[in-house]
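Everything below concerns the one structure shown next.
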Ligand SMILES: NC(=O)c1ccc[n+]([C@@H]2O[C@H](COP(=O)([O-])OP(=O)(O)OC[C@H]3O[C@@H](n4cnc5c(N)ncnc54)[C@H](O)[C@@H]3O)[C@@H](O)[C@H]2O)c1
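Next up, the structure:
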C-alpha cells in the first residue's frame, strides 16, 4: 500500500512539467489527484495518464488567478471525493520569452502575471482549501518556489519577486496553521521540463553554468526527483516538517 493511499490532492499547473511529475509521484503512492490547469488539453491528458496508472484523477480547467474558479474547483473536489488533504501550488506565470531581461525592461503585465499566478493564485487555493485541510489528519501544503528567487538571480526581477513573495506567504501561514496540524512548506526544484528546455535553447551558456554549479552534474527529473521528494513531504512521516524551504536541485543551492 502506498504512503498516500486514500489521500486527496490538488495540484495546480499539472498539465505538464514539474506539476505533472509531482502528480504522477503522488498518484503512484495512492493519492487521488485533482489537476487545476489553465490549458484545456494538457490537464485532461495528464488526468488520463494518471488513471492509466490506476489512480483516481480529475482535471479542472482552472485559471488560478480567478478566485471563483479556484473556489469552484475546491468545492467540486470535496463534493466528489469527500475530503481534501494535500495542496500543491505549482502553476507559474513564467514565460521563457520574457523571463530574462534587465529589471528596467520588465513590464507591468509581466509583474502582474507573475504575482497573480504564483502568489495570489497560491493564496486563493490556500484560503479555499483551509476549511477542508483542518478536517484532515494529514494536511499538507507545498508551494513551489525557485532557487532563482532565494538566490536573487539577476535579470529575473518579476520572477524572483514573485517566488520570494510565495516563500514569505508560506512561512507566515506555516506559523499560523501549525495550530491546526497543517504543514506548509516550499520546494525549490530544478528539473528538466519542456519549458526549461526551451529556455536553455535560448541561453545555452546559462545551461553550462547551471550544470557546472550543480554537484550532482545533471538536471533533475520532475517525477523521480521533485515528485518523490514532495511525496515524502506530504506523507505521514513528514508531520514535523513545516515552514521550510527544501531545495531539490542536485545541490545547486548549498548551505552545508
Ligand atoms: N523546471 C525547473 O527547473 C524549475 C526551477 C525552479 C522552479 N520551478 C517552478 O516549478 C513550477 C513548475 O515549473 P515548470 O518548469 O514545470 O513550468 P511549466 O511552464 O512547464 O508549467 C507550468 C504549468 O502551469 C500552468 N499554468 C500557467 N498559468 C496558469 C494559470 N493561470 N492557472 C492554472 N495553470 C496555469 C501551465 O499551463 C503549465 O501546465 C513553477 O512554479 C516554477 O516556477 C521550476
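In the working numbering, the protein residues as written are 1288 to 1543.
From the three backbone atoms N, C-alpha and C, an ideal C-beta is built for every residue, glycine too.
N- and C-terminal bounds of the beta strand (DSSP E) containing residue i
| i | result |
| --- | --- |
| residue 1470 | 1470 to 1476 |
| residue 1375 | 1373 to 1376 |
| residue 1324 | 1319 to 1324 |
| residue 1296 | 1295 to 1299 |
Where residue i sits in the DSSP three-state scheme
| i | result |
| --- | --- |
| residue 1340 | coil |
| residue 1483 | helix |
| residue 1347 | strand |
| residue 1532 | strand |
| residue 1421 | coil |
| residue 1355 | helix |
| residue 1400 | helix |
| residue 1391 | helix |
| residue 1427 | strand |
| residue 1508 | coil |
CB of residue i within 7 Å of CB of residue j, strictly
| i | j | result |
| --- | --- | --- |
| residue 1378 | residue 1406 | no |
| residue 1357 | residue 1321 | no |
| residue 1460 | residue 1471 | yes |
| residue 1375 | residue 1309 | yes |
| residue 1486 | residue 1383 | yes |
| residue 1432 | residue 1453 | yes |
| residue 1446 | residue 1511 | no |
| residue 1458 | residue 1530 | yes |
| residue 1295 | residue 1420 | no |
| residue 1513 | residue 1507 | yes |
Closest residue to residue i among the options (Cα-Cα distance)
| i | options | result |
| --- | --- | --- |
| residue 1437 | 1536, 1520, 1462, 1486 | 1536 |
| residue 1521 | 1515, 1427, 1420 | 1427 |
| residue 1304 | 1317, 1315, 1332, 1492 | 1332 |
| residue 1316 | 1290, 1299, 1351, 1347 | 1290 |
| residue 1477 | 1494, 1465, 1469 | 1494 |
| residue 1360 | 1505, 1299, 1423, 1458 | 1299 |
| residue 1503 | 1328, 1345, 1539 | 1539 |
| residue 1519 | 1441, 1455, 1496, 1313 | 1313 |
| residue 1526 | 1466, 1449, 1311, 1341 | 1466 |
| residue 1388 | 1441, 1483, 1455, 1449 | 1441 |
| residue 1363 | 1517, 1342, 1416, 1341 | 1416 |
Distance between residue j and residue i (C-alpha atoms, nearest Å)
| i | j | result |
| --- | --- | --- |
| residue 1443 | residue 1430 | 19 Å |
| residue 1338 | residue 1481 | 22 Å |
| residue 1324 | residue 1353 | 12 Å |
| residue 1423 | residue 1409 | 19 Å |
| residue 1347 | residue 1365 | 13 Å |
| residue 1395 | residue 1381 | 14 Å |
| residue 1497 | residue 1393 | 23 Å |
| residue 1368 | residue 1390 | 45 Å |
Residue i: first and last residue of the uninterrupted alpha helix (DSSP H) it sits in
| i | result |
| --- | --- |
| residue 1311 | 1304 to 1315 |
| residue 1521 | Element bounds for residue 1521: n/a, residue is neither H nor E. |
| residue 1435 | 1434 to 1437 |
| residue 1454 | 1444 to 1464 |
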